[in-house]
């Protein structure tokens, strides 16, 4: 259970400023439409309820930064590894996570991974200690010049007052904390990437050299209405347009008008102009990149021989075409097709001949299960079989797994 996650009397939060339907208008522009009929944005109050049945406290700044429920495995892995609760994070911490996640998916061509994030960032406590907004992420000095420039606003004024209720799973990591985050050795522990991420780092270096920044990455996912830290079955590189269900709001009617887009950019990044959020010429998001299939393949090959039987099984069983991925159940990562991209960026070939996807490249739902509320998240190979096509791929995987085990037994 998360440290100090018992239900509170609400004293860790100031009174909410989102207490009228008019004030709830902005949160509803970011929170995803409900599929259950529940009110997604319920008004805040003077004192947060100790246990509001079926609903939890959430912050407008988090939603604007790119965090909306249901939350991605990457986000939950971050909380679990660092022993944090959601409200321990500052808005800029959420921004760092969201920009990193979208950078990985839309511009590099991999799923965001805890290991790669830890290689770039450490956790820092705020001073003086704070229960809500008690820590943020800081780039490691020795690798600072290998990440894209990411200048965020220095201060979010009164963000703790912009809270409301919304329904999501009653997990310990998502409850309001009662104590500041406890520092641990894991916060600053060194990370050895090895050579498995060579192609990823090379491509990132190319993006940096072409002028891509964190503000531009934010502008890209804001414009497309993608929440990078929301759970979904497909990578952002497979975005197809206004009707894509990976958007928080489907349909062109939800596209930002220029005035509203400028308002959000100013509020989130504290920029006077939207120019700094525009992607430079020569850098194309992978969703409209004709070299997408080659880029994805190159980054997957960088894993050389993978890191486990499950990944090897999935690779040997065959992959589903990138545009034909099932929306639920077993999802095998296959080559995607698309339009043109950063063809001028480095795309080094991988070592070895076996195409084995790394664990962090697997889509949501592939070889993962969702833990019960309050349970500790552990690696799991449980998958859902909900179509005849998925069953065939799963059975092939089981057969290949048996073959692999027999081969191992011979040596």
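Numbering (the UniProt record's numbering), first residue to last: 1 to 411.
C-beta atoms are modelled at their ideal positions from N, C-alpha and C, and glycine is treated no differently.
Note that the structure is a prediction, hence the values are computed from the model and not measured.
Query	Result
Cβ neighbour criterion (16 or more within 10 Å) applied to residue 254	exposed
Contact between the region 62 to 82 and the region 160 to 177 (3+ Cβ pairs under 8 Å)	yes
Rounded C-alpha distance that separates residue 131 from residue 86	11 Å
N- and C-terminal bounds of the beta strand (DSSP E) containing residue 125	121 to 125
Backbone CA spacing between residue 175 and residue 116 [nearest angstrom]	27 Å
Nearest candidate by alpha-carbon position, reference residue 151, set 41, 139, 292, 161	139
Presumed contact (8 Å Cβ cut-off) between residue 83 and residue 182, rounded CB distance	7 Å
Limits of the alpha helix (DSSP H) - the one that residue 264 falls within	258 to 269
Residue 146 versus residue 272 - alpha carbon distance	27 Å
Closest residue to residue 21 among 97, 44, 92, 242 (Cα-Cα distance)	44
Endpoints, beta strand (DSSP E) assigned at residue 164	163 to 166
Buried or exposed (CB count within 10 angstroms, at least 16 for buried), residue 141	exposed
Buried versus exposed call for residue 56 [16 or more other C-beta atoms within 10 Å across all chains shown]	buried
Beta-bridge partners of residue 42, as assigned by DSSP	165
Under the three-state DSSP convention, the category residue 72 falls into	coil
Distance, residue 27 Cα to residue 261 Cα	14 Å
Residue 215 burial status per 10 Å Cβ neighbour count (16 or more: buried)	buried
CB of residue 286 within 7 Å of CB of residue 292, strictly	yes
Cβ pair residue 109, residue 229 closer than 7 Å	no
Close-in-space but distant-in-sequence residues of the same chain around residue 154 (CB under 8 Å, 5 per side omitted)	270
Distance CB(residue 268)-CB(residue 102) smaller than 7 Å	no
Counted within 10 angstroms of its Cβ, other Cβ atoms place residue 190 as buried (16 or more) or exposed	exposed
Reference residue 221, options 48, 265, 123, 18, closest by Cα	265
Those residues which DSSP pairs with residue 418 across a bridge	The requested residue 418 does not occur in the structure, where the chain is confined to residues 1 to 411.
Straight-line Cα distance separating residue 159 from residue 59	8 Å
Segments of 4+ residues assigned as alpha helix (DSSP H) that fall wholly inside the region 153 to 231	198 to 209, 214 to 224
Alpha-carbon to alpha-carbon, residue 237 and residue 248	16 Å
Run of the beta strand (DSSP E) containing residue 56, from where it starts to where it stops	56 to 59
Cβ-based neighbour list, residue 17, same chain, cut-off 6 Å, excluding 5 preceding and 5 following	161, 162
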